[in-house]
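Colleague: Quick note on numbering: the working numbering labels position 3 of the sequence shown as 638, and the sequence is numbered without any gaps.
Ideal Cβ positions, reconstructed from N, Cα and C, are used throughout, including at glycine.
Right, I'll just put the structure down here and ask away after.
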Amino acid sequence: MLTVTSRHKISAAHRLYDYDGKCEHLHGHNYQIEVEICSDKTDALGMVIDFSKIKSYLFAELDKLWDHRTLLYEQDPLCKSLQELLQDDSVRAVPFNPTAENMAIYLGSSFFPTKLKAMDNQNKLSINRITVFETENNSATWHNSHELSSCQ
Ligand SMILES: [Zn+2]
């Protein structure tokens with residue numbers, strides 16, 4: 636098995652819903668999102684995937700989704716109120732409390748696999764790991780536990 640890893644920065648605001656502590660207040664992070672892609676073989680050029688494709692197909696889409704946005708749990712009353720007040724697409728309602736763990740699960744099990752599949756016409760690539768760094772010291776990692784993944 637071969638893996639390639641690429642890291643990307645986004646800035647986003649969030650708050651944790653139903654949480655007792657300072658993270659219940661709206662605040663922001665300069666997140667770093669690390670994606671590990673695996674394959675059991677390289678292509679004719681000797682690559683698992685061109686790093687420029689990770690940037691243009693995965694991270695550019697992530698930028699459109701979350702960069703310089705406010706991520707709020709769809710059940711958080713602030714979410715609907717802010718969306719109505721701002722009348723733009725800057726507030727993103729997410730179907731989970733926006734912890735680094737839940738962001739990693741969503742990116743690893745849903746968002747990135749869909750984007751990867753759209754560009755991987757040989758279907759030989761899969762997302763192996765996603766790490767969401769909330770700060771340089773704190774991160775959460777999702778691992779692909781699918782036993783039948785093409786590169787397990
Ligand atoms: Zn936070």
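Is Val639 a contact residue of ligand 3, with contact defined as CB to any heavy atom under 6 Å?
Modeller: This structure lacks ligand 3; its bound ligands are ligand 1.
Colleague: By a C-beta neighbour count over all protein chains shown, 10 Å radius and 16 as the cutoff for buried, is Tyr708 buried or exposed?
Modeller: Numbered from its first residue, the sequence shown carries residue 708 at position 73. Result: buried.
Colleague: Do you know offhand how far Thr776's Cα is from Glu769's?
Modeller: Taking the sequence shown and counting its residues from 1, the one referred to as residue 776 is at position 141. Taking the sequence shown and counting its residues from 1, the one referred to as residue 769 is at position 134. Distance from the CA of Thr776 to the CA of Glu769, rounded to the nearest whole angstrom, comes to 11 Å.
Colleague: I'd like the span of the beta strand (DSSP E) that includes Thr749, first residue to last.
Modeller: Translated into the one-based positions of the sequence shown, residue 749 becomes position 114. No beta strand (DSSP E) holds Thr749; the alpha helix (DSSP H) holding it covers Phe747 to Met754.
Colleague: According to DSSP, is Gln710 part of a helix, a strand, or is it coil?
Modeller: Locating residue 710 in the sequence shown gives position 75, where the first residue counts as 1. Reduced to three states, the DSSP call for Gln710 is coil.
Colleague: Buried or exposed: Arg642, going by 16 or more other Cβ atoms within 10 Å of its Cβ?
Modeller: On the sequence shown, residue 642 is found 7 positions in, with the first residue counted as 1. Label assigned to Arg642: exposed.
Colleague: Measure the C-alpha to C-alpha separation of Tyr654 and Glu719 and round it to an integer number of angstroms.
Modeller: Taking the first residue of the sequence shown as 1, we reach residue 654 at position 19. Taking the first residue of the sequence shown as 1, we reach residue 719 at position 84. One Cα belongs to Tyr654, the other to Glu719, and the distance between them is close to 24 Å.
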